[in-house]
Ligand code: HEM
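Residue numbers (the working numbering): 29 to 435.
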């Protein structure tokens, strides 16, 4: 504790890390946002205002590079190892992202009806003419994104549980390093090795017999000189799995929670499913699935009158920026019709969320179905229990009671 004393804001940041505040971190964010930028450690800062975060996400002097992947693993073809592109700076980032985007976007665009059918099938399992209860996380929020990503990757349905378990284990890789114990860091390296070992046979099989799926596309399309090697491909697939999984789980669970705490909005959505896009945008602002992101300064930076020296870490508090009263009127109010909802939930700049369109489709389909198919849904436990993760924050379970689940 003595090491944090020179930096009073460190206490508010420690409170944010404390699982006891996971159900409502917003008072901690408000405390950190008392100043636009605060120092929370010898080489660590937090930035809370919408305008500053927006500018810093686009500032090339901030690096997203991460050392977690370690040395180039076998299979890198002797080329410098380029890890999951979320943690890689341009220009390598752009080459990897472009290849992935080229394969991803055309496959996502036509997925709307298929996602609605998946949501329908998941809720059909709970169809009931009388009162009952279900856990939205296990019934819908968790299985939907993994089923969608497996379909995109051409992974058979029976492999979904394996993907599930990898998604959970790999997600810790995104939490701030100081929240990981030495054991957890070692476990994570083991998980990354297991992930590669699991994927290599699948990649080899698609290499020999390419199909219409995204993995085959990444293996065969474009210039062979710059095409991802096997290790980069495994890394990209891991990124799509974790970046697209827990985030969307949280969007659906946080969205259900917000709707059930604001029954007047739920009623409006039930009466007018056309409101779903605005509801999803407001959930993303009000209770964002990704609460913050980290960068490292590669040069001295001036932010809101303070100088951040080169080499220091800068935490961009997306959740605080989303409640900045300078940018959003009445920021603590859940208000889907708010004008100009330029939230920060998907980040910005070169790392702007790759899967935003897909996340929106999944969120809209899930929340519309909750509103229209469940009669008189209400929270059975409020607040619900939360998972330990602080960066990707969301309920571990979300039990709701209903009078019926219609067809
Ligand atoms: C509600 C759901 C989602 C949220 C809130 C979300 C949020 C974010 C944020 C904040 C970033 C930027 C991180 C940074 O700048 O450090 C990001 C990047 C990314 N997201 Fe999402 N995401 C969601 C869903 C998805 C989905 C469904 C996918 C894909 C299947 C996906 C794939 C990615 C990838 C690959 C990146 C890295 C982009 C890059 O580095 O160029 N995300 N996401």
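Cβ coordinates follow ideal geometry from the N, Cα and C atoms, glycine included.
Within the present structure, is the beta-carbon of residue i separated from the nearest heavy atom of the ligand HEM by less than 7 Å?
| i | result |
| --- | --- |
| residue 57 | no |
| residue 130 | no |
| residue 346 | yes |
| residue 382 | yes |
| residue 150 | no |
| residue 81 | no |
| residue 39 | no |
| residue 183 | no |
| residue 92 | yes |
| residue 416 | no |
| residue 174 | no |
| residue 201 | no |
| residue 125 | yes |
| residue 191 | no |
| residue 145 | no |
| residue 409 | no |
| residue 371 | no |
| residue 317 | yes |
| residue 121 | yes |
Which of helix, strand or coil does DSSP assign to residue i?
| i | result |
| --- | --- |
| residue 352 | coil |
| residue 415 | coil |
| residue 93 | coil |
| residue 76 | coil |
| residue 401 | helix |
| residue 98 | Unreliable positioning characterises residue 98 in this predicted model, as indicated by a pLDDT of 47, which lies under 50. The coordinate reading is nonetheless provided below. In this structure, residue 98 counts as coil in the three-state DSSP scheme. |
| residue 429 | strand |
| residue 321 | strand |
| residue 245 | helix |
| residue 329 | strand |
| residue 39 | helix |
Given this structure, state the Cα-to-Cα distance separating residue i from residue j, to the nearest angstrom.
| i | j | result |
| --- | --- | --- |
| residue 351 | residue 251 | 44 Å |
| residue 81 | residue 46 | 24 Å |
| residue 266 | residue 259 | 11 Å |
| residue 69 | residue 317 | 25 Å |
| residue 429 | residue 407 | 6 Å |
| residue 117 | residue 394 | 34 Å |
| residue 97 | residue 245 | The predicted model places residue 97 with a pLDDT of 45, which falls under 50 and marks its position as unreliable; any figure quoted below should be read in that light. Going by the C-alpha atoms only, they are around 25 Å apart. |
| residue 381 | residue 36 | 33 Å |
| residue 368 | residue 235 | 46 Å |
| residue 257 | residue 124 | 10 Å |
| residue 173 | residue 42 | 31 Å |
| residue 162 | residue 284 | 12 Å |
| residue 164 | residue 171 | 10 Å |
| residue 442 | residue 92 | No answer is possible for residue 442: the residues shown for the chain start at 29 and end at 435. |
| residue 304 | residue 392 | 5 Å |
| residue 229 | residue 223 | 11 Å |
| residue 294 | residue 309 | 15 Å |
| residue 433 | residue 302 | 21 Å |
| residue 158 | residue 127 | 50 Å |
| residue 32 | residue 277 | Because the pLDDT of residue 32 is 48, which lies under 50, any placement of that residue in the model is unreliable, and the question is left without a value. |
| residue 34 | residue 75 | 18 Å |
| residue 315 | residue 53 | 10 Å |
| residue 166 | residue 337 | 45 Å |
| residue 322 | residue 133 | 26 Å |
Over what stretch of residues does the beta strand (DSSP E) that includes residue i continue unbroken?
| i | result |
| --- | --- |
| residue 421 | Neither: residue 421 is in no beta strand (DSSP E) and is coded neither H nor E. |
| residue 152 | Here residue 152 belongs to no beta strand (DSSP E); instead the alpha helix (DSSP H) covers 140-152. |
| residue 69 | 65-69 |
| residue 253 | Unbroken run through residue 253: none, as it is neither H nor E. |
| residue 334 | 334-336 |
| residue 303 | Premise fails: residue 303 is in no beta strand (DSSP E) and is neither H nor E. |
| residue 162 | 160-163 |
Taking residue i as the reference, which of the options has the closest Cα?
| i | options | result |
| --- | --- | --- |
| residue 56 | 243, 345, 136, 396 | 345 |
| residue 404 | 290, 129, 58 | 290 |
| residue 296 | 422, 182, 398, 281 | 398 |
| residue 138 | 408, 414, 386, 406 | 386 |
| residue 78 | 430, 376, 427, 217 | 376 |
| residue 227 | 114, 182, 94 | 182 |
| residue 306 | 263, 433, 370 | 370 |
| residue 192 | 175, 201, 179, 208 | 175 |
| residue 298 | 396, 329, 271, 273 | 396 |
| residue 268 | 76, 60, 179, 392 | 179 |
| residue 435 | 83, 242, 151, 300 | 151 |
| residue 272 | 332, 374, 355 | 374 |
| residue 130 | 248, 409, 333 | 248 |
| residue 198 | 186, 213, 188 | 213 |
Between which two residues does the alpha helix (DSSP H) carrying residue i extend?
| i | result |
| --- | --- |
| residue 122 | 120-137 |
| residue 113 | Run containing residue 113: none; DSSP gives neither H nor E here. |
| residue 276 | 258-289 |
| residue 187 | No alpha helix (DSSP H) contains residue 187, which DSSP labels as neither H nor E. |
| residue 218 | 210-236 |
| residue 342 | Careful: residue 342 lies outside any alpha helix (DSSP H), inside the beta strand (DSSP E) at 341-344. |
| residue 180 | 171-181 |
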